[in-house]
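Okay, so here's the structure we're looking at.
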Amino acid sequence: MRWALVKVCLAVTAMVVIAFAVPLGLVIREMASDRAFSDAERQAAMIAPALSITTDREELTRAVLSTEPGDRGRLAVHVPAGEKAADGTRGQALDIGTRRASPKDVETVRKAGRASITEATGGFALLQPTALSTGDIAVVEVFVPEGEVSNGVATAWLILAGVGVALIVGSVAVADRLGVRMVQPAQRLAGAAQDLGEGRLGTRVPEEGPTELRSAAVAFNSMADQVVQLLANERELAADLSHRLRTPLTVLRLNAASLGEGPAADQTRAAVEQLEHEVDTIIRTAREQRPQTQGVQTGAGAGCDASAVIRERMDFWSALAEDEGREVRLAGVDRTVRIPVARPELAAALDALLGNVFRHTPEGTAFAVDVHHSGDAVIVLVSDAGPGIADPEAALARGASKPGTVGSTGLGLDIVRRVAESTGGDLRIGRSVLGGTEVRIWIGLHGSSPERGQRGHGRRVTRRFGRQRRREPRTAAGPGAQPGAHH
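Numbering-wise (numbering that gives the first Met the number 0), the sequence shown opens with residue 0 and increments by one.
Set out below in structure tokens:
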């Protein structure tokens with residue numbers, strides 16, 4: 000593209016220079032010729048007064064030599080012979096100066112009475128007719144050398160040629176710069192596309208150059224962002240799906256702990272620990288290979304009854320709570336509460352928080368779940384009587400678990416946070432009335448933003464879940480089981 004633009008500009012400029020320079024050069028030559036012959040006419044007119052007074056050879060010779068062209072041998076006067084006198088004699092014809100024009104040309108000018116230019120050796124001869132006092136016509140000849148006719152023409156042509164070359168060189172330089180301005184953004188775009196195809200997802204193109212290339216750069220950067228987002232969402236999904244294995248693993252670990260002693264029990268516990276380690280490895284690998292992604296996306300029309308989902312998940316976790324002697328309280332789930340969150344996502348968030356309670360608090364620690372409906376938002380509080388969280392901000396950061404922490408991937412609270420933020424809400428951690436940790440999930444019903452410091456508590460009830468559900472999690476993860484979660 001660059002060289003094509005240079006060639007086009009070179010051809011166009013050359014044609015323009017030729018179209019203007021050639022006629023201008025011809026005009027300059029004609030102007031030089033006209034100037035030279037105008038000077039010759041002026042010089043010829045200088046001898047006319049002398050011819051009108053006398054035709055004496057000596058007088059005319061002095062008059063001719065007194066002029067510049069006569070002194071340089073370029074002026075001649077041709078006086079014709081006079082008419083016959085009464086005695087039958089005729090005046091003698093006079094030729095003063097150096098003749099260069101032929102007698103025929105002189106006679107032709109005398110008869111025609113008009114000035115004429117004729118070629119002569121080494122130049123041109125201007126023949127100017129002049130009237131004598133006797134009524135005859137004399138012819139004044141002025142020689143104009145070839146050099147004076149073309150005086151300055153060569154210099155003018157050289158200047159025109161130099162200007163033309165400068166215009167061509169300048170146009171080529173400008174075309175080359177314009178070509179670079181057009182080609183470089185295209186080359187950067189092509190290089191960025193190649194880099195993106197080779198897996199360098201951080202590649203972006205500066206939005207520079209002509210309008211079309213800027214639009215292409217904007218489209219490329221948008222496409223690259225979408226590719227990164229799609230890959231990140233894919234890896235995020237892999238991590239979240241792996242994390243959902245936490246719930247059945249928690250059940251297996253607790254059930255394995257009740258098997259007592261013996262080779263079979265030890266092998267079962269070892270298998271559960273190995274499975275937990277493999278799940279942790281999958282989650283960490285997925286997290287390390289993806290950039291930070293946006294929150295959970297809820298499709299149009301997605302939603303569920305929060306009360307029904309919370310009751311279902313609390314029924315599932317009740318058997319484990321009974322096994323460990325934990326007192327469980329549930330409040331605010333006695334009426335339908337519709338929220339714009341898909342049922343699996345809410346269940347995963349609850350399992351993440353309740354799994355944290357079982358994993359990070361001692362056996363026998365009480366916990367509670369409260370649901371409060373404030374009109375434009377639904378608040379879910381998960382509280383426990385455990386030791387609490389020393390650094391809530393660090394716990395909310397994705398991947399906050401320290402390297403080497405057994406059984407923790409730092410993914411659980413982030414799952415909850417993304418569910419809340421997908422509705423315009425948020426997630427906060429504080430001190431609960433039970434003395435331990437309180438996790439508040441603010442779920443916006445109309446994209447509303449949470450008000451700082453506001454908390455709503457629904458009607459609190461105390462519920463002890465019967466031991467008849469105790470065996471449910473030992474054989475399966477239970478209906479609608481979702482992943483456990485860890486800080």
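Each residue gets a CB set at the ideal place from its N, CA and C atoms; glycine is no exception.
- Rounded to the nearest whole angstrom, the C-alpha separation of A174 and G151 is 34 Å.
- In this structure, L74 places its C-beta atom within 8 Å of the C-beta atom of T66.
- Contact between the stretch 313-327 and the stretch 244-256 is present, with at least three C-beta pairs closer than 8 Å.
- Rounded to the nearest whole angstrom, the C-alpha separation of T335 and E197 is 51 Å.
- For V377 and A218, the gap between their C-alpha atoms comes out near 39 Å.
- Rounded to the nearest whole angstrom, the CA to CA distance from C8 to A124 is 48 Å.
- DSSP places L125 outside any alpha helix (DSSP H); the residue lies instead in the beta strand (DSSP E), whose first and last residues are G122 to A130.
- As computed with DSSP, S382 is found in a beta bridge with A367 and E437.
- In the three-state scheme derived from DSSP, where H, G and I count as helix and E and B as strand, V432 is classed as coil.
- With fewer than 16 other CB atoms across the displayed protein chains lying within 10 angstroms of its CB, T133 is exposed.
- Membership of I414 in the alpha helix (DSSP H) is indicated by the continuous run G411 to E420.
- Taking C-beta separations shorter than 7 Å and ignoring five residues to either side along the sequence, the partners of T97 in its chain run G72 and A75, following chain order.
- Between L426 and S382, the C-beta spacing is not below 8 Å.
- One alpha carbon belongs to A192, the other to A305, and they sit about 46 Å apart.
- Bridge pairing for G443: A376 [DSSP].
- Taking C-alpha positions only, L166 is separated from Q186 by approximately 29 Å.
- In the displayed model, V336 falls within coil according to three-state DSSP, outside both helix and strand.
- Contact between P128 and V138 holds: their C-beta atoms lie close to 6 Å from each other, under 8 Å.
- About 11 Å separates the Cβ atoms of L352 and V418, ruling out a contact at the 8 Å cut-off.
- By the neighbour-count criterion, in which a residue is buried when 16 or more other Cβ atoms sit within 10 angstroms of its Cβ, P386 is exposed.
- The beta carbon of A264 is closer than 6 Å to those of L258 in its chain, skipping five residues each way along the sequence.
- Annotation: L200 to A394 spans about 29 Å, alpha carbon to alpha carbon.
- In the structure shown, L166 adopts helical secondary structure according to DSSP, grouped into three states.
- By the criterion of a C-beta distance shorter than 8 Å, N220 is surrounded in its chain by R203, V204 and E206, once the five residues flanking it on both sides are discounted.
- DSSP places S306 inside the alpha helix (DSSP H), whose first and last residues are A305 to D322.
- Here the C-alpha atom of A215 lies approximately 22 Å from the C-alpha atom of A3.
- In the structure shown, P209 falls within a coil segment according to DSSP collapsed to helix, strand and coil.
- The straight-line gap separating the alpha-carbon atoms of I338 and L212 is approximately 45 Å.
- Secondary-structure assignment with DSSP links S115 through a beta bridge to L126.
- In the three-state scheme derived from DSSP, where H, G and I count as helix and E and B as strand, I46 is classed as coil.
- Sequence-distant partners of A155 (beyond 5 residues in either direction) whose C-beta falls short of 6 Å from its own C-beta, in its chain, are I27.
- For V171 and Q183, the gap between their C-alpha atoms comes out near 18 Å.
- The shortest C-alpha to C-alpha distance from V5 to any of D350, A47, R176 and D413 is the one to R176.
- Judged by their CB atoms, G423 and V370 are not nearer to each other than the 8 Å cut-off.
- The shortest CA-to-CA distance from R430 to any of L349, A341 and F366 is the one to F366.
- The C-beta distance from V148 to A35 rounds to 5 Å, short enough to fall under 8 Å.
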